[in-house]
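>
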Amino acid sequence: MRVDVEAATIGELKRRDRAPLRVRDIRIEVDRLLVNPHRLMHSGAIEVLDAGALRIERAVITQADLDAHLAGQPAGSLLSVEFTDGWADVRGKGLPGSAKVGLTSGTPTSPFALKVADLRVAGLPVPDALVDWVVRHFDPTNHLRNLPVPVSIAPMQIKSGRFEIGALER
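Dropping the structure here:
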């Protein structure tokens, strides 16, 4: 099953202190999707019972959408993120820290990995061993290892003003 969506709002929608994130130009493919036919026939609601695999083929997050998301998050008052060619430049607001965060190819257990370069605190470079330790312990991709179905993500790129998954159709 393939789902194409012009835009979607994702996030912790039930929490008042969490702004959602708008994602655009989305294409997701799901293998062996099993839904509850009784619920679909009687209410029109889709209740997913199982899936074999999920692939995120395409998605875009613009700088404006990321800024709006961060402005509505508790962490947004502490940092700013700017999409530049190949990197997300992360800077502390009121905190003397900065780093460049990028993406590398995935592993068999995770569809991608984070790379961090030029991490500085108070203008001083942080040693690579400490950077590696921080990435290992706070990397959100670790959560992708225990998902109920295999998830794959098309190649990702960070460009000036946008984050893209997969190739966009024009």
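When the letters of the sequence shown are read in order and numbered with my numbering, they come out as residues 2 to 171.
The beta carbon of each residue, even a glycine, is placed where N, CA and C say it ideally should be.
With distance defined between alpha-carbon atoms, name the residue in His39, Lys15, Arg16, Thr110 nearest to Pro149.
It is Thr110.
> Relative to the C-alpha of Gly12, which residue among Arg23, Val61, Ala100 is closest?
The shortest Cα separation from Gly12 among Arg23, Val61, Ala100 belongs to Arg23.
> With three or more beta-carbon pairs closer than 8 Å as the criterion, would you say the segment 31 to 48 touches the segment 64 to 76?
In short, these stretches do not touch, since the Cβ pair count stays below three.
> Indicate the three-state DSSP secondary structure (helix, strand or coil) for Ala20 in the structure shown.
DSSP places Ala20 in coil when its eight states are reduced to three.
> Within the same chain, show all residues whose beta-carbon is closer than 7 Å to that of Glu58, passing over the 5 residues directly before and after it, in chain order.
Here the set comprises Arg28, Ile29, Glu30, Ala155, Gly167.
> When you compare each of Gln64, Ala8, Arg17 to Phe164 by their alpha carbons, which one comes out closest?
Closest by alpha carbon: Gln64.
> Quick one: Cα of Ala123 to Cα of Ala100, how far?
The alpha-carbon atoms of Ala123 and Ala100 are separated by roughly 12 Å.
> Give me the DSSP bridge partner(s) of Val102.
Beta-bridge pairing links Val102 to Ala89, Val117.
> To the nearest angstrom, how far is it from the Cα of Gly162 to the Cα of Gly53?
Cα-Cα distance, rounded: 34 Å.
> What is the DSSP secondary structure of Met42, counted as helix, strand or coil?
If DSSP states are grouped into helix, strand and coil, Met42 belongs with the helices.
> Could you compute how far the alpha carbon of Asp119 sits from the alpha carbon of Pro126?
Cα-Cα distance, rounded: 7 Å.
> Just curious, the beta strand (DSSP E) that Ala9 is in, first and last residue?
3 to 11 is the extent of the beta strand (DSSP E) around Ala9.
> Which stretch, first to last residue, makes up the beta strand (DSSP E) that contains Leu79?
No beta strand (DSSP E) holds Leu79; DSSP gives it neither H nor E.
> Three-state secondary structure (DSSP) at Val152?
Val152: strand per DSSP, three-state reduction.
> Run through DSSP, which three-state label would Thr142 get?
DSSP places Thr142 in helix when its eight states are reduced to three.
> Leaving out five residues before and five after Val152 in sequence, what residues of the same chain have Cβ atoms less than 8 Å from its Cβ?
Around Val152: Ala54, Leu55, Arg56, Ile57, Pro112, Leu145.
> I need the DSSP call for Ala60, collapsed to helix, strand or coil.
DSSP places Ala60 in strand when its eight states are reduced to three.
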